[in-house]
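**Student:** Same order as they appear, the protein sequences are chains A and B.
Letter by letter, the first sequence follows residues 1 to 159 in the working numbering.
Letter by letter, the second sequence follows residues 1001 to 1072 in the working numbering.
Glycine included, every Cβ here is placed at the ideal spot set by N, Cα and C.
So that we are looking at the same thing, I have put the structure below in structure tokens.
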Amino acid sequence: MSINQSILWQVRHFVYNHFADTTLPPSIEDTAAYFNISNEQASAFYKKLHSRHALFLEPETPAIRMANPFSGIPTDFKVNVNGKTYYANCAWDMFGIPAALHSDAIIEAVCKESNEVVRLELKNGSIVQAAVPGEDASSSLLVHFPLPFSHWYDDLVFT
Amino acid sequence: MLLFRSEEWIDKWCKRNNLERGEILTIQQVWELSKLWYQDRLSVDYHGRSIEKVAEIFKQAGLTSAFWHVAY
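Have a look at this one:
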């Protein structure tokens, strides 16, 4: 099936707008209905966008697992923006959601290994608070990037 | 990319998972990187980015070690 490049990127934009508006990815049926195309055509667009790393599908299905920074499934990185609760894919993407939405945010995230829940507040483009219950953690919270950039797309779920 | 309370917890996690340490950034560094990386993601004009643009973003964020090397 040949892919119309103009529609391809419109589909990408539709997926991102759907995430932004609803916090969830659109189904194949949602996308097919919006563009007045068949489910098979919508699936082909999803697969092409997956191959371009523009979104990430669940294995062997056309279900969207990630459109970075948004996650299609609940995670340890919960991002509250303008009364909506989004899930981010990782500790980087939890900052990516307010960056993409150009909004303030309250983030609730779980620290790996210690299992502490941390609350971060972003306001007017800055981190104004980062705390675990009872203490300020602004200066000590860290993000670990396990793989160099050249290997990020080898296994995106692990990355 | 996972969030940790301290380097000690990162070392414990790496040991338990039999992995080498990767690169460690502060949350402030990751926030600055996120703004550069994601600020245009919802734009209708965003059609992915070139490898040159990726390299430029890492440089702007001060990430210049071999870990962030982008192959042209």
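The beta strand (DSSP E) spanning residue 126 of chain A covers which residue range?
**Tutor:** Residue 126 of chain A -> beta strand (DSSP E) spans 126-132.
**Student:** In chain A, what lies closer than 7 Å to residue 1023 of chain B by C-beta?
**Tutor:** By Cβ distance, chain A contributes 145.
**Student:** Would you please verify whether the beta carbon of residue 152 of chain A is less than 7 Å from any beta carbon of chain B?
**Tutor:** False, the Cβ-Cβ gap to chain B never drops below 7 Å.
**Student:** What's the call for residue 96 of chain A, buried or exposed, on a 16-neighbour Cβ count within 10 Å?
**Tutor:** Counting Cβ neighbours within 10 Å, residue 96 of chain A comes out buried, since at least 16 surround it.
**Student:** So what does residue 144 of chain A bridge to, in DSSP terms?
**Tutor:** DSSP output for residue 144 of chain A lists B:1002, B:1024 as bridge partner(s).
**Student:** Which residues, in chain order, does the region 100-114 of chain A contribute to contact with chain B at a C-beta distance below 9 Å?
**Tutor:** Correct list: 100, 101, 102, 109, 110, 111, 112, 113, 114.
**Student:** Give the secondary structure of residue 1042 of chain B by DSSP, where H, G and I count as helix, E and B as strand, and everything else as coil.
**Tutor:** Of the three classes helix, strand and coil, the one that applies to residue 1042 of chain B here is coil, per DSSP.
**Student:** Apart from the five residues on each side of it in sequence, which residues of its chain come closer than 7 Å, Cβ to Cβ, to residue 121 of chain A?
**Tutor:** 106, 128, 129, listed in sequence order.
**Student:** From the DSSP output, read off the bridge partner residues of residue 32 of chain A.
**Tutor:** In DSSP, residue 32 of chain A forms no bridge with anything.
**Student:** Would you mind telling me which residues of chain B sit closer than 7 Å to residue 95 of chain A, beta carbon to beta carbon, in chain order?
**Tutor:** Ordered by position in chain B, the residues that pass the 7 Å Cβ test against residue 95 of chain A are 1030, 1031, 1034.
**Student:** Counting only beta-carbon separations shorter than 7 Å, does residue 116 of chain A have a partner in chain B?
**Tutor:** It does: the Cβ of residue 116 of chain A has a partner Cβ on chain B nearer than 7 Å.
**Student:** Let me confirm a value: residue 81 of chain A is counted as buried when at least 16 other C-beta atoms fall within 10 Å, else exposed. Which label applies?
**Tutor:** Result: buried.
**Student:** Where does residue 89 of chain A sit, in a helix, a strand or coil, going by DSSP?
**Tutor:** Residue state, collapsed to three classes: coil.
**Student:** Helix or strand or just coil, what does DSSP make of residue 118 of chain A?
**Tutor:** Reduced to three states, the DSSP call for residue 118 of chain A is strand.
**Student:** For residue 38 of chain A, I'd like the list of residues in its chain whose CB is within less than 7 Å of its CB, leaving aside the five on either flank, ordered along the chain.
**Tutor:** Closer than 7 Å at the Cβ level, and outside the excluded window around residue 38 of chain A, lie 32.
**Student:** So, at 6 Å on beta carbons, what are the nonlocal neighbours of residue 101 of chain A in its own chain, with the 5 sequence-adjacent residues on each side left out?
**Tutor:** Excluding positions up to five away in sequence, the list reads 81.
**Student:** Where does residue 150 of chain A sit, in a helix, a strand or coil, going by DSSP?
**Tutor:** In this structure, residue 150 of chain A counts as helix in the three-state DSSP scheme.
**Student:** Is residue 1061 of chain B helix, strand or coil when you go by DSSP?
**Tutor:** Here residue 1061 of chain B sits in coil by DSSP.
**Student:** Using a Cβ cut-off of 8 Å, pull out every chain B residue sitting near residue 3 of chain A, in sequence order please.
**Tutor:** Those do not exist, as residue 3 of chain A stays about 13 Å from chain B at its closest Cβ, beyond 8 Å.
**Student:** So with CB distances below 8 Å, who are the chain B contacts of residue 17 of chain A?
**Tutor:** Those are 1042, listed as they occur along chain B.
**Student:** When Cβ atoms are compared, which residues of the region 36-68 of chain A fall closer than 9 Å to chain B?
**Tutor:** Listed in sequence order: 52, 53, 54, 67, 68.
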